[in-house]
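Here's the structure, in structure tokens; my notes come after.
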Ligand code: NA7
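Residue numbers (our numbering): 17 to 550.
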């Protein structure tokens with residue numbers, strides 16, 4: 017009989033790790049959750065910058081599986097602020113008594129497969145080594161920070177911050193603050209800080225298309241209606257493409273008159289949500305160039321109306337494809353009407369150096385700063401695994417296996433990494449994240465349960481491992497699905513184009529959550545097709 021400390025070690029205590037822990041405990045397994053942070057929350061623990069907010073509506077930014085909690089847990093607005101998401105996750109952990117299975121301030125540094133025993137040895141930052149039959153990575157897609165490759169990066173003598181490692185206390189009053197980066201995070205942090213600093217300069221490489229979030233209070237009547245309909249709300253979300261709580265449009269942009277198109281865009285603008293604007297208005301914005309231009313024109317028109325100074329407005333106006341992760345705001349453009357908020361176009365006039373006192377641009381302008389904020393994002397998806405040494409069968413690391421491209425079967429399993437699972441690994445669906453996490457956690461826990469019950473081989477030595485051919489086929493499908501997308505022609509983290517020196521690759525399944533769930537169901541009905549028999 018093989019000896020081990022735990023049936024499963026789960027790495028990470030965010031949305032995915034918490035649910036994974038609950039599912040495996042409910043199955044009667046012994047589980048340890050390893051978390052590097054001092055508490056639960058994952059992404060929401062680390063990204064505690066001012067203005068952090070989920071841009072999925074509150075109704076779908078939670079777990080779907082506890083109806084009583086769905087009905088009772090309070091939330092008051094269309095969107096949850098970062099601290100509210102953290103409080104919610106802490107509440108779930110408390111409600112289900114999961115903290116006892118978790119250890120904090122502890123990172124998994126390495127894990128190695130022991131083929132002769134069918135166990136993983138997991139090495140922790142504490143020096144401890146644990147043996148487990150299964151390792152589930154729930155490290156998330158946005159955990160490895162990305163710093164820009166700029167000369168003098170470490171020479172700045174003022175305060176520096178990265179949005180994804182925000183400290184508990186900070187004070188920007190009477191300070192001149194520079195923000196590099198204007199993605200989802202930059203837009204939020206700029207909006208939140210503009211009223212509280214002496215001066216704010218946004219150093220912007222690519223302006224973004226930002227539509228209103230549409231945040232507002234949820235009335236008690238709306239909440240009652242939601243509480244009466246949770247089953248259908250979740251069922252609709254999980255049977256949609258993006259699981260953002262709307263039905264994706266099937267209407268081509270040019271199938272309607274110019275007037276009607278304008279009305280549809282205007283209605284979406286008033287309603288709010290970046291995903292809704294891109295995918296709820298028309299069906300072809302993300303791949304048809306003319307359709308994309310029509311959406312661009314509408315948004316640029318709105319920016320021109322909002323930003324009073326035409327020079328600033330011009331700098332804030334994107335002219336490339338509207339094909340990065342859709343963004344939404346709570347008053348971003350309006351902040352540039354304040355005299356203490358400015359934007360510097362570092363595409364035409366790049367930063368030549370970060371100096372001890374601020375930033376110098378190529379034209380020789382010096383921007384004196386007291387604080388510098390990096391909102392420069394992440395080495396996303398496969399980047400989360402780079403700092404970990406994961407050594408599978410045949411002594412190969414995951415890094416070796418992903419030398420050409422980060423490939424996986426379903427975003428979950430990698431050939432030659434037996435009994436190692438990822439939640440949100442490369443080639444997982446591109447959607448609102450919690451419903452995809454739930455889908456994958458449920459699939460993984462079902463696989464583990466089946467493997468444990470399998471009578472075909474000696475108890476405790478069941479192996480779940482993706483077949484190489486199925487993995488190749490899945491990755492080809494992901495490649496094909498994104499081939500025509502304008503997202504692929506636009507540099508951003510979605511294809512790994514945001515990190516200096518990183519090879520771009522397909523990191524997501526663009527087929528939608530409904531199709532993904534169908535694919536999982538079909539493979540189960542076909543004897544776990546794509547997995548080696550266990
Ligand atoms: P993003 O979306 O990757 O945005 C990073 C921003 O930082 C973006 O504006 C980048 O400009 C900018 N950036 C990155 N490197 C540089 C350099 N070297 N010089 C200047 N500017 C740079 O990260 P976020 O944290 O905002 O959001 C990540 C996801 O988290 C988000 O999509 C949500 O899903 C949640 P660029 O556009 O590359 O010119």
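Using N, Cα and C, we set each Cβ at its ideal position, and we do this for glycine too.
Can you tell me whether residue i is buried or exposed? The criterion is at least 16 other CB atoms within 10 Å of its CB, across all chains shown.
i, result
"residue 107", "exposed"
"residue 316", "buried"
"residue 201", "buried"
"residue 277", "buried"
"residue 192", "buried"
"residue 545", "exposed"
"residue 297", "buried"
"residue 416", "exposed"
"residue 366", "exposed"
"residue 306", "exposed"
To the nearest angstrom, report how far apart residue i and residue j are at their CA atoms.
i, j, result
"residue 342", "residue 478", "42 Å"
"residue 123", "residue 155", "11 Å"
"residue 187", "residue 215", "13 Å"
"residue 348", "residue 322", "10 Å"
"residue 217", "residue 325", "15 Å"
"residue 290", "residue 146", "44 Å"
"residue 269", "residue 282", "14 Å"
"residue 507", "residue 339", "9 Å"
"residue 531", "residue 358", "44 Å"
"residue 97", "residue 178", "19 Å"
"residue 473", "residue 467", "Bear in mind that a pLDDT of 49 at residue 473, under 50, signals an unreliable position, so the number given afterwards is only what the model happens to contain. So the alpha carbons of these two residues sit roughly 9 Å apart."
"residue 536", "residue 150", "20 Å"
"residue 31", "residue 25", "16 Å"
"residue 7", "residue 140", "There is no way to answer for residue 7, as the model of the chain reaches only from 17 to 550."
"residue 262", "residue 74", "13 Å"
"residue 515", "residue 355", "33 Å"
"residue 563", "residue 451", "Since the first and last residues shown for the chain are 17 and 550, residue 563 lies out of range."
"residue 13", "residue 65", "Limits of the chain in this structure are 17 at one end and 550 at the other, which puts residue 13 out of reach."
"residue 250", "residue 529", "12 Å"
"residue 53", "residue 103", "15 Å"
"residue 404", "residue 267", "45 Å"
"residue 88", "residue 498", "40 Å"
"residue 539", "residue 253", "22 Å"
"residue 158", "residue 152", "17 Å"
"residue 448", "residue 397", "15 Å"
"residue 522", "residue 312", "25 Å"
Please determine whether the Cβ atom of residue i lies at a distance below 7 Å from any heavy atom of ligand 1.
i, result
"residue 158", "yes"
"residue 167", "no"
"residue 202", "yes"
"residue 215", "no"
"residue 218", "no"
"residue 533", "no"
"residue 507", "yes"
"residue 448", "no"
"residue 238", "no"
"residue 375", "no"
"residue 259", "no"
"residue 212", "no"
"residue 255", "no"
"residue 391", "yes"
"residue 221", "yes"
"residue 73", "no"
"residue 164", "yes"
"residue 526", "no"
"residue 362", "yes"
Cβ of residue i within 7 Å of any heavy atom in ligand 2?
i, result
"residue 198", "Of the ligands one can find in the structure shown, namely ligand 1, none is ligand 2."
Report the partner residues of residue i according to the DSSP bridge assignment.
i, result
"residue 151", "25, 436"
"residue 129", "136"
"residue 183", "According to DSSP, residue 183 bridges with nothing at all."
"residue 69", "97"
"residue 194", "217, 388"
"residue 344", "227"
"residue 359", "218"
"residue 49", "26, 118"
"residue 407", "128, 413"
"residue 376", "369, 382"
"residue 445", "525"
"residue 176", "388"
Is there contact between the segment 368-377 and the segment 247-266, where contact requires at least three CB pairs shorter than 8 Å? No, because fewer than three Cβ pairs between the segment 368-377 and the segment 247-266 fall closer than 8 Å, the two stretches do not touch.
Given 8 Å, three or more beta-carbon pairs between the segment 188-199 and the segment 215-229: With the cut-off at 8 Å, the segment 188-199 and the segment 215-229 touch.
Specify whether the segment 224-236 and the segment 421-430 touch according to this definition: at least 3 beta carbon pairs, one from each stretch, less than 8 Å apart. No: fewer than three Cβ pairs fall under 8 Å.
Counting Cβ pairs closer than 8 Å, one from the segment 161-172 and one from the segment 460-471, do we hit at least three? Three or more beta-carbon pairs separated by less than 8 Å are not found between the segment 161-172 and the segment 460-471, which leaves the two stretches without contact.
Are the segment 40-60 and the segment 107-121 touching by the rule of at least three beta carbon pairs closer than 8 Å? Contact holds: three or more Cβ-Cβ distances are below 8 Å.
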